[in-house]
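Sequences listed follow chains H and D, in order.
For the first sequence, position 304 (counting from the first letter as 1) is numbered 303 according to numbering that gives the first Met the number 0, and the numbering increases by one without interruption.
For the second sequence, position 92 (counting from the first letter as 1) is numbered 91 according to numbering that gives the first Met the number 0, and the numbering increases by one without interruption.
Think of the CB as a built atom: it goes at the ideal place given N, C-alpha and C, for glycine as much as any other residue.
All remarks here apply to the structure that follows.
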Amino acid sequence: MIPLLRVRDLRATFVDDDGTTRAVDGVSFDLDEGEALGIVGESGAGKSVLALSLLRLIDPPGRIAPGSLVEYRGTDLLQLPEPALRRVRGAEIAMVFQHPGASLNPVLRIGDQIVETLRAHRAVTMPDARRQAVELLDLVGIPEPDRWVSAYPHELSGGLQQRAAIAMALSCEPKLLIADEPTTALDVTVQAQILELLLELRQRLGTALLLISHDLGVVARLAERVAVMYGGQIVEQATAAELFASPRHPYTAALLAAAPRWDRKSERLAAIPGAVAPATRWPAGCRFHPRCPHAWERCGDSPPLLEVGTGHAARCWLVAEPGSLTP
Amino acid sequence: MRVLAVMRRDRRLRAGLILVGVLVTVAVFAPLLSVHAPTAQLDLLTKQYAPPSWAHPFGTDFYSRDLLSRVLYGARISLSVAVLAVLLSVTLGTAIGLTAGMAGGWVDVVLMRSLDAALAIPRIFLVLVVVALWHNVGVTGLVTILGLTSWFDTSRIVRAEVLSLRTREFVHAARALGLSTAQIVRRHLLPNVAAPVIVAATLGIGQMVLLEAGLSYLSVGVRPPTPSWGQMIAEGQTALQTAPWVAAFPGIALVLTVLGFSLIGDGLRRALDPRAS
Numbered sequence: 000m001i002p003l004l005r006v007r008d009l010r011a012t013f014v015d016d017d018g019t020t021r022a023v024d025g026v027s028f029d030l031d032e033g034e035a036l037g038i039v040g041e042s043g044a045g046k047s048v049l050a051l052s053l054l055r056l057i058d059p060p061g062r063i064a065p066g067s068l069v070e071y072r073g074t075d076l077l078q079l080p081e082p083a084l085r086r087v088r089g090a091e092i093a094m095v096f097q098h099p100g101a102s103l104n105p106v107l108r109i110g111d112q113i114v115e116t117l118r119a120h121r122a123v124t125m126p127d128a129r130r131q132a133v134e135l136l137d138l139v140g141i142p143e144p145d146r147w148v149s150a151y152p153h154e155l156s157g158g159l160q161q162r163a164a165i166a167m168a169l170s171c172e173p174k175l176l177i178a179d180e181p182t183t184a185l186d187v188t189v190q191a192q193i194l195e196l197l198l199e200l201r202q203r204l205g206t207a208l209l210l211i212s213h214d215l216g217v218v219a220r221l222a223e224r225v226a227v228m229y230g231g232q233i234v235e236q237a238t239a240a241e242l243f244a245s246p247r248h249p250y251t252a253a254l255l256a257a258a259p260r261w262d263r264k265s266e267r268l269a270a271i272p273g274a275v276a277p278a279t280r281w282p283a284g285c286r287f288h289p290r291c292p293h294a295w296e297r298c299g300d301s302p303p304l305l306e307v308g309t310g311h312a313a314r315c316w317l318v319a320e321p322g323s324l325t326p
Numbered sequence: 000m001r002v003l004a005v006m007r008r009d010r011r012l013r014a015g016l017i018l019v020g021v022l023v024t025v026a027v028f029a030p031l032l033s034v035h036a037p038t039a040q041l042d043l044l045t046k047q048y049a050p051p052s053w054a055h056p057f058g059t060d061f062y063s064r065d066l067l068s069r070v071l072y073g074a075r076i077s078l079s080v081a082v083l084a085v086l087l088s089v090t091l092g093t094a095i096g097l098t099a100g101m102a103g104g105w106v107d108v109v110l111m112r113s114l115d116a117a118l119a120i121p122r123i124f125l126v127l128v129v130v131a132l133w134h135n136v137g138v139t140g141l142v143t144i145l146g147l148t149s150w151f152d153t154s155r156i157v158r159a160e161v162l163s164l165r166t167r168e169f170v171h172a173a174r175a176l177g178l179s180t181a182q183i184v185r186r187h188l189l190p191n192v193a194a195p196v197i198v199a200a201t202l203g204i205g206q207m208v209l210l211e212a213g214l215s216y217l218s219v220g221v222r223p224p225t226p227s228w229g230q231m232i233a234e235g236q237t238a239l240q241t242a243p244w245v246a247a248f249p250g251i252a253l254v255l256t257v258l259g260f261s262l263i264g265d266g267l268r269r270a271l272d273p274r275a276s
């Protein structure tokens, strides 16, 4: 079975006076129909650029390096002419952004924005599109949808705005939803509600999900598989259960140790020493080794993604050492 | 809705609206309101420079024409020239600003630098040169010339707005949902640049009335005998000491018009700018 989305060696660079920023540097992954893949990492790891690159949405001076491949159902999106790509955006692959308030046009009514997306992809009459807009608002759990459909974005709370943005993204029944930090800008209680909604919608519609977040808890809740990004690369990927139970990359282990947990009381949270290097100057070899407690002489060479078990790989030399301890 | 509420409370804006409302009514109903034809020379022997009276509330001029009628008809010319010229300039300015802002790169550089060059020439000279090269400018010609030489500011405003809007997340979101550039411009950029453009246009009408009056005063604008305020002021200038009303009444009309549009423009700016309240 061919995967819904096949990404191979995706590289996105930004060239400016400071040099070349390799924001996404050789990312590969597969995503099956209906599957949920989480991508976690710190700020600056390249998660958002990765999300935007998939739909070729990065603006100059950003560009996707030749040799990158983003295949959706067997079609390379990176080679597609603009009009054909527009038919994929929104209709096949849709996106939800971090700031729900900012991703809605302040001067257009909620309903009009949904109608606009519908009419961009489908031959629907105005009354039909309006009716569908109300149904969509109902689907994403907005109470009194026929009232909110004619509201302006600023009249909605952050949670309702994100629901409306999700309704807009789902309007043409995409096969894949890319959610870039969909809950980060929201209150904790509203976060939980939006996560619940995404979970429920996925079960109901069978939409595949690419969830991008810095929050391990969010990813753990929604994703079946998780890829950890550091320095523009995937450093570890595994099923969610396995990754959280037995991380094999020291960075993943450090991230997990740094996350607050209710069952570990009154300890100081473990912080990862140092900071992410600027993307113009990645350290040679393993990009994490200057911050890694387990660094040794081999870390001066770049490790490849090494297979640990079925579907579990880590970009760390320790993995290849027979008898080496799990970090 | 907030905009309307702010507008209702704004007294200066209301004053401007009343002023302009009266002017527009006067201009539209000029034929009904005036007793005499604006170009009729009533009696060159006895009614030359007649002072204001019940028969001629604004007095008469050198050719014994009724000044009230001329001021009323002058409102028609001044307002229609100004409004049409502003419409032309706003349309052009918006289109050029959008193009520069969206295209970026060398298109933007070429457009904006030629605009800087055009702005370096004072507008009145620019218009004078064009008018001088163009024999027998009619009202249509005047509107065209004024419109073509006054879109610079609008295009700058629009370009600046577009540059900031196109980096906003909702524009990215619209692109991510498969909208074309044309759809994004029409549905997402234009409605967002409308507010500053409307403000600039309203203030622009006042400026345009002045500019037209200036040209007519220099006798390169509206040609006699068609009444225009600027031209009437020029005619009254020679008799300023003996018959001051000839220049005074069109002058007052001019001041009130510019004032009215400025009040509306500033009021709209206050109402549309969320930071102002």
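Give the residues of chain D in contact with residue i, contact being defined as C-beta atoms less than 8 Å apart.
| i | result |
| --- | --- |
| Ser47/H | Under the 8 Å cutoff, chain D gives no residues; its nearest Cβ is about 11 Å from Ser47/H. |
| Leu54/H | Ala175 |
| His293/H | In chain order: nothing, as chain D lies at least about 39 Å away. |
Taking the alpha carbon of residue i as the point to measure from, which residue in the options has its own alpha carbon closest?
| i | options | result |
| --- | --- | --- |
| Val19/D | Arg268/D, Ala116/D, Leu271/D and Gly264/D | Gly264/D |
| Leu304/H | His293/H, Ala237/H and Ser245/H | Ala237/H |
| Met167/H | Glu199/H, Val133/H, Asp145/H and Leu194/H | Val133/H |
| Ser218/D | Trp105/D, Gly137/D and Ala270/D | Gly137/D |
| Ala184/H | Arg5/H, Gly40/H, His98/H and Leu242/H | His98/H |
| His35/D | Pro56/D, Pro50/D, Thr45/D and Thr24/D | Pro56/D |
| Pro302/H | Gly310/H, Leu317/H, Lys174/H and Gly157/H | Leu317/H |
| Ala14/D | Arg268/D, Phe260/D and Ala270/D | Phe260/D |
| Leu209/D | Leu178/D, Gly177/D, Gln230/D and Pro195/D | Gln230/D |
| Arg314/H | Met0/H, Ile193/H, Ser27/H and Gly18/H | Ser27/H |
| Ile251/D | Thr241/D, Ala212/D and Arg269/D | Ala212/D |
| Ala269/H | Pro277/H, Ala119/H, Ala278/H and Ala257/H | Ala257/H |
| Cys298/H | Ala319/H, Met228/H, Ile193/H and Ile1/H | Ala319/H |
| Leu135/H | Pro249/H, Gln190/H and Leu196/H | Leu196/H |
| Trp92/D | Ile123/D, Asp65/D and Val192/D | Position check: residue 92/D holds Gly in this sequence, whereas Trp was assumed. The candidate whose alpha carbon is nearest that of Gly92/D is Val192/D. |
| Pro144/H | Ile113/H, Gly25/H, Val87/H and Glu91/H | Ile113/H |
| Val23/H | Gly216/H, Trp281/H, His311/H and Trp147/H | Trp281/H |
| Gly310/H | Ala253/H, Thr20/H and Glu235/H | Glu235/H |
Run through chain D and tell me which residues come within less than 7 Å of residue i, C-beta to C-beta.
| i | result |
| --- | --- |
| Leu103/H | Phe169 |
| Ala83/H | Per Cβ cutoff of 7 Å: no residues; Ala83/H is ~11 Å from chain D at best. |
| Phe13/H | Per Cβ cutoff of 7 Å: no residues; Phe13/H is ~15 Å from chain D at best. |
In the DSSP assignment, what residue or residues form a beta bridge with residue i?
| i | result |
| --- | --- |
| Ala178/H | Val95/H and Leu210/H |
| Gln232/H | Tyr229/H |
| Arg10/H | Asp24/H |
| Arg224/H | Leu36/H and Thr238/H |
| Gly177/D | Answer is none; Gly177/D lacks a bridge partner. |
| Leu4/H | Leu30/H and Tyr71/H |
| Thr59/D | Asp65/D |
| Asp15/H | Gly18/H |
| Ile63/H | Ala11/H |
| Gly308/H | His311/H |
| Arg88/H | Ile92/H |
List, in order along the chain, the chain H residues whose C-beta lies closer than 9 Å to that of residue i?
| i | result |
| --- | --- |
| Arg75/D | Chain H residues near Arg75/D: none, gap ~35 Å exceeds 9 Å. |
| Gln182/D | Glu115 and Ala119 |
Going along chain H, which residues have a C-beta under 8 Å from residue i?
| i | result |
| --- | --- |
| Leu178/D | Arg85, Gly89, Glu115, Thr116 and Ala119 |
| His35/D | Under the 8 Å cutoff, chain H gives no residues; its nearest Cβ is about 50 Å from His35/D. |
| Asn191/D | Asn104, Pro105 and Val106 |
Counting only Cβ pairs nearer than 7 Å, list the residues of chain H close to residue i.
| i | result |
| --- | --- |
| Ala4/D | Under the 7 Å cutoff, chain H gives no residues; its nearest Cβ is about 15 Å from Ala4/D. |
| Pro195/D | Correct list: empty, because the minimum Cβ distance to chain H is about 13 Å. |
Give the interface partners of residue i over in chain D, defined as CB-CB distance under 9 Å, in chain order.
| i | result |
| --- | --- |
| Ala93/H | Ala175, Leu176 and Gly177 |
| His98/H | Glu168 |
| Met125/H | Within chain D, no residue comes near Met125/H; the closest Cβ sits about 14 Å away, beyond 9 Å. |
| Met167/H | Ala172 and Leu176 |
If residue i and residue j are in contact, beta carbons under 8 Å, what's the gap, nearest whole angstrom?
| i | j | result |
| --- | --- | --- |
| Arg129/H | Gly110/H | 6 Å |
Indicate whether at least one CB of chain B lies closer than 8 Å to the CB of residue i.
| i | result |
| --- | --- |
| Arg186/D | Annotation note: the requested chain B is absent from the structure, which comprises protein chains H and D. |
Exercise for review: Would you check if there are 3 or more beta carbon pairs closer than 8 Å linking the stretch 215 to 227 of chain H to the stretch 287 to 300 of chain H?
Suggested key: no
Does the stretch 172 to 181 of chain H come close enough to the stretch 202 to 215 of chain H to have 3 or more Cβ pairs within less than 8 Å?
yes
Checklist entry - For the 8 Å Cβ check, are there 3 or more pairs between the stretch 38 to 53 of chain H and the stretch 2 to 18 of chain H? => result yes
With a cut-off of 8 Å, do at least 3 Cβ pairs link the stretch 240 to 248 of chain D to the stretch 190 to 205 of chain D?
no
- [ ] State whether the stretch 166 to 176 of chain D contacts the stretch 49 to 68 of chain H, with contact taken as three or more CB pairs (one from each stretch) at a distance under 8 Å.
- [x] yes
>> Closer than 8 Å is the cut-off here; do at least three beta carbon pairs connect the stretch 143 to 156 of chain H with the stretch 148 to 163 of chain D?
In response: no
Cβ pair count under 8 Å reaching 3, the stretch 50 to 68 of chain D against the stretch 118 to 134 of chain D
Three or more Cβ pairs closer than 8 Å define a contact, and the stretch 50 to 68 of chain D falls short of that threshold against the stretch 118 to 134 of chain D.
>> Below 8 Å, how does it come out for the stretch 132 to 152 of chain D and the stretch 87 to 105 of chain H: are there three or more Cβ pairs, yes or no?
In response: no
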